[in-house]
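Below is one structure, written out as structure tokens, with a few remarks after it.
Numbering (my numbering), first residue to last: 2 to 111.
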């Protein structure tokens, strides 16, 4: 199920004409994982950390530990892992970070 924050982020990508991300990307590094958004051809993952002020899953002990393991495995597998809070999505900072990644990525390509 897609959250309002995920829908907002996707619309921001379209507005800025950034490459379209894959939602709920499943990847295997050590075990099966799922990322909120991924750009597989760039090996980029964006995780939106919702519920940080309401004691959501990402802030409870086991959820936090699972997330740390996932991010480490993704990084060791060659993925760039970016993280954003809901506030960062709403105020545009999250899309700004992703846009900066693609600006550098495009410049590095022949």
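A virtual CB, placed ideally from N, CA and C, is assigned to each residue, including glycine. Since we're looking at a predicted model, the values are computed, not measured.
- For residue 27, the enclosing beta strand (DSSP E) has its first and last residue at 23-30.
- In the DSSP assignment, residue 91 falls within the unbroken alpha helix (DSSP H) covering 87-92.
- By the Cβ rule, the segment 85-98 counts as touching the segment 39-53, because three or more pairs are nearer than 8 Å.
- For the pair residue 25 and residue 35, the CB atoms are nearer than the 8 Å cut-off.
- The secondary-structure analysis by DSSP pairs residue 33 across a beta bridge with 29.
- Between the segment 88-107 and the segment 65-78, the count of C-beta pairs closer than 8 Å stays below three; the two stretches do not touch.
- Assigned with DSSP and collapsed to three states, residue 44 falls in coil, not helix or strand.
- With distances taken between CA atoms, residue 32 lies nearest to 74 out of 74, 93, 92 and 81.
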